[in-house]
Amino acid sequence: MAVYLTNGNYFITHTRTGAIVKVNNIGEAQDFRTVERAMEHKRKHPGKTSGYYYIGTEDNVHTKSAAQVENTFKRKHFSPSDRLQIYRKTKCYCYMCGEFIDYDKFEIEHRIPLAKGGTNDMNNLFCSCHTCNNLKGSIAPADLMEKIKQIHLYQIRKVHGNSIKWKIAYKALEGIL
Ligand SMILES: [Zn+2]
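With the sequence shown counted from 1, adding 8 to any position gets you my numbering.
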């Protein structure tokens, strides 16, 4: 994971002489590599990093398109209390497939993607497992089929809940799918 300090417009980096400077090109930004190191840098240089927060990217942003990079940076920093609130919304389960996820493993999913006009408001943010959060990415077809089946069954169960009809249908579907 790459970790940068940004204020949404600029990134923190260092010159060769060690001076802290701000650049607007991600390619020149300093990768702190861990959140801890980014936050330590912020603690050591409060004046120069005032208004800056860390962002983490799952993979190397240099390989992404400009639009994808911009979406990454529109994402705000989620505080631990934001994360906890999102995690609790679905009672620790992935909102897509219904799988239980440990707190340190869950990912924050934008129900309406930022690229499609979604926001960082709480009502657009959900607890998601890694697979569901990356459905658009490269997933082995067999894993994807298994996950889609799981999502399908979970979403139907959410609607039809505890009805006897559904329980019978579920048993049957499990056998078929
Ligand atoms: Zn999931």
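Glycine residues also receive a C-beta, built at the ideal position from the N, C-alpha and C atoms. Since the model is a prediction, treat every value here as computed from it, not as a measurement.
Where residue i falls: helix, strand or coil (DSSP)
i, result
"G64", "strand"
"S136", "strand"
"I116", "strand"
"H85", "coil"
"I28", "strand"
"Y111", "coil"
"Y101", "strand"
"K56", "coil"
"A37", "coil"
"G106", "coil"
"N131", "helix"
"N141", "helix"
"G126", "coil"
"R96", "helix"
"G183", "helix"
Per DSSP, cross-strand counterpart(s) of residue i
i, result
"L13", "Y62"
"I20", "K30"
Cutoff 8 Å: residue i Cβ touching any chain B Cβ
i, result
"A37", "The chain inventory of the structure shown lacks chain B, comprising one protein chain alone."
| task | Kindly provide the chain-ordered list of residues whose Cβ lies closer than 6 Å to any non-hydrogen atom of ligand 1. | result | So the residues near ligand 1 by this Cβ test are C102, M104, C105, E107, S136, C137, T139, C140.
Could you say if the region 118–134 and the region 151–170 meet the contact criterion of at least three C-beta pairs nearer than 8 Å?
As far as the Cβ criterion goes, the region 118–134 does not touch the region 151–170, which means the pair count is below three.
Would you say the region 129–146 touches the region 94–110, given that touching needs at least three Cβ pairs under 8 Å? Enough Cβ pairs lie closer than 8 Å, so yes.
Determine contact between the region 39–56 and the region 90–102, defined as no fewer than three beta-carbon pairs at a distance below 8 Å. Segments in contact, no.
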